[in-house]
Amino acid sequence: MPSNKHPGFIRQVNRDRREVRVEIRPFTDGASELPIAEIEYPIGDDSQNTEIRLVEGRAVWIEFIAGDPRRPLITGYRNPNTGNVVGMRRWNHDHFEINADETFTINAGAKIALIVGGTSLVLTPESIAEIAAALSVKAAVTIEGGVTQTGGDMTSDGISVQFHDHTSTAPGTPTSKPNSA
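Heads up: the sequence shown at position 150 corresponds to 150 in the numbering used here, and the numbers run straight through without jumps.
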């Protein structure tokens with residue numbers, strides 16, 4: 001009974017059904033139809049809620065469930081000895097969704113590059129500081145607590161907070177609304 005890992009190839013993929021037909025020499029030599037292999041998903045990945053992209057033609061490692069050569073199980077990709085990328089981890093798929101119940105942290109030492117439809121945003125420590133310094137909000141803002149402002153004037157509807165004046169008709173009477181500077 002075969003029970004060790006065997007080299008094989010992905011020959012056909014049905015993404016909706018998670019069915020993969022595999023070639024496993026010598027077990028499939030001369031077969032009119034290649035067997036359907038199960039995919040071994042890592043712990044934490046639910047096969048109904050996530051898909052691992054399997055590429056036709058790629059070399060894989062295959063074991064047999066309970067040693068039965070009619071029940072292949074893909075355990076992972078085989079590692080090629082040439083043409084390997086070094087220093088980069090990539091996930092390739094149609095769509096990605098990341099769900100965190102509370103916090104999702106991206107910790108990058110130098111930069112984070114977001115590229116969407118040819119437009120890019122590169123975040124560096126310096127650019128994050130610049131964005132924070134030049135932050136402009138075009139919506140209602142509610143602030144609870146004190147506000148301290150230094151190094152310039154504030155305006156409200158075009159009226160300077162520091163340099164406006166008021167009109168008064170007699171000493172001790174209420175002042176008017178602020179006049180624009």
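For every residue, glycine included, the Cβ atom is placed at its ideal position computed from N, Cα and C. Here the structure is a predicted model, which means the values were calculated and not measured.
Point to revise | Rounded straight-line distance, which links the Cα of Gly151 to that of Ser127 | key: The C-alpha of Gly151 is placed about 21 Å away from the C-alpha of Ser127.
Check your understanding: Alpha carbon to alpha carbon, how far is Asn81 from Leu123?
Key -> Each residue's alpha carbon lies about 35 Å from the other.
Practice item. List the whole-angstrom C-beta distance separating Ile36 from Val20, where the pair is believed to meet the contact cut-off of C-beta under 8 Å. Key: Your pair Ile36 and Val20 checks out as a contact, with CB atoms roughly 7 Å apart and the cut at 8 Å.
Review point. Under 7 Å between the Cβ atoms of Gly76 and Trp91?
Key: Contact: no.
Practice item. Keeping to the same chain, check which residues put their C-beta closer than 8 Å to that of Ser180; ignore five residues upstream and five downstream. Key: When the five nearest sequence neighbours on each side are left out, the beta carbons in the same chain lying within less than 8 Å of the beta carbon of Ser180 are those of Gly158, Ile159, Ser160, His164, in order along the chain.
Check your understanding: What's the C-alpha gap between Pro174 and Asp153?
Key -> Going from the Cα of Pro174 to the Cα of Asp153 covers about 25 Å.
**Study point:** His6 - partner residues in DSSP beta bridges
**Key:** Note: His6 sits in a beta bridge opposite Ile62.
Point to revise | Stretch-stretch touch, CB-based, cutoff 8 Å, three pairs: the region 8 to 25 with the region 36 to 53 | key: Contact between the region 8 to 25 and the region 36 to 53 is present: three or more C-beta pairs spanning the two stretches fall below 8 Å.
Review point. Of all the options Arg11, Asp16, Gln48, which has the alpha carbon lying nearest to the alpha carbon of Leu34?
Key: Residue Arg11 is the option with its Cα nearest to Leu34.
Practice item. Use the C-beta contact count for Phe64: other C-beta atoms within 10 angstroms, 16 or more gives buried, fewer gives exposed. Key: When all chains shown are included, Phe64 counts as buried.
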